[in-house]
Amino acid sequence: MLPTVRRPGTVMAALIATLVSVVAGVATAITVYTGGTDMVKSLLSDPDVLAKLGLSADEMDAAKSLGGDDLFKPVLDAAYGSLATRATFALVLAVVLLLGGVFALNAARWARILVTVAGVVAIGLQLRVVTDLATSPMKLFGLLIIASTLIAVVLWWLPANGRYAKARKAVQA
73 MLPTVRRPGT VMAALIATLV SVVAGVATAI TVYTGGTDMV KSLLSDPDVL
123 AKLGLSADEM DAAKSLGGDD LFKPVLDAAY GSLATRATFA LVLAVVLLLG
173 GVFALNAARW ARILVTVAGV VAIGLQLRVV TDLATSPMKL FGLLIIASTL
223 IAVVLWWLPA NGRYAKARKA VQA
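Heads up, my numbering is the position in the sequence shown plus 72, with the first residue counted as 1.
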């Protein structure tokens, strides 16, 4: 019978941080998909958002009255398309993080590298979401993803995890 190698607590902590990031990524995507163009309409009715776009509420109302829904709908669709693309990308990254986290649980170096690379990309995407036009829940989930992914990446590379990987490899050899 092979001797067992005790898994350090840092591995479980890294997995939990990774799972928090995964859940927040899925929640962000669900928020966008369920919000649809109505979410974009609510964003465009916010004076702060209009100010970021360089518009006033009066200018927006004038544009709606001149073009009606025929002119306004393509703008909503384009804005929603952009948000939906980001949500899909976040969902794909969440799946990659989940798979990497599960395989990294058994000290696979390639999986820790995968989590690190996907995590850096996810942080970059969420920095864009947080600093761009987004709803409050999207920004909140984005900040949660940034924090938990950063914590996860650091935890996956702690020395205790490296020793665990070497010990597992030695036992299996």
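We treat Cβ as the ideally placed atom computed from N, Cα and C, and that holds for glycine.
Straight-line Cα distance separating residue j from residue i
i, j, result
"residue 99", "residue 138", "37 Å"
"residue 108", "residue 225", "32 Å"
"residue 119", "residue 129", "7 Å"
"residue 163", "residue 112", "20 Å"
"residue 159", "residue 213", "12 Å"
"residue 104", "residue 76", "45 Å"
"residue 122", "residue 151", "14 Å"
"residue 157", "residue 95", "18 Å"
"residue 183", "residue 78", "19 Å"
"residue 242", "residue 199", "40 Å"
"residue 208", "residue 153", "19 Å"
"residue 238", "residue 124", "52 Å"
Best match in the options for proximity to residue i [C-alpha to C-alpha]
i, options, result
"residue 155", "226, 210, 85 and 166", "210"
"residue 191", "88, 223, 144 and 145", "223"
"residue 114", "150, 206 and 163", "206"
"residue 180", "199, 235, 110 and 124", "235"
"residue 101", "240, 167 and 238", "167"
"residue 148", "131, 110 and 134", "110"
Beta-carbon proximity check, residue i vs residue j, cutoff 8 Å
i, j, result
"residue 215", "residue 85", "no"
"residue 186", "residue 83", "no"
"residue 194", "residue 217", "yes"
"residue 144", "residue 197", "no"
"residue 90", "residue 171", "no"
"residue 173", "residue 116", "no"
For residue j and residue i, believed in contact at Cβ under 8 Å, the rounded distance
i, j, result
"residue 81", "residue 165", "So it is not a contact: roughly 26 Å between Cβ atoms."
"residue 93", "residue 203", "About 19 Å; that fails the 8 Å criterion."
Helix, strand or coil at residue i [DSSP, three-state]
i, result
"residue 229", "coil"
"residue 103", "helix"
"residue 77", "coil"
"residue 177", "coil"
"residue 207", "coil"
"residue 159", "helix"
"residue 118", "coil"
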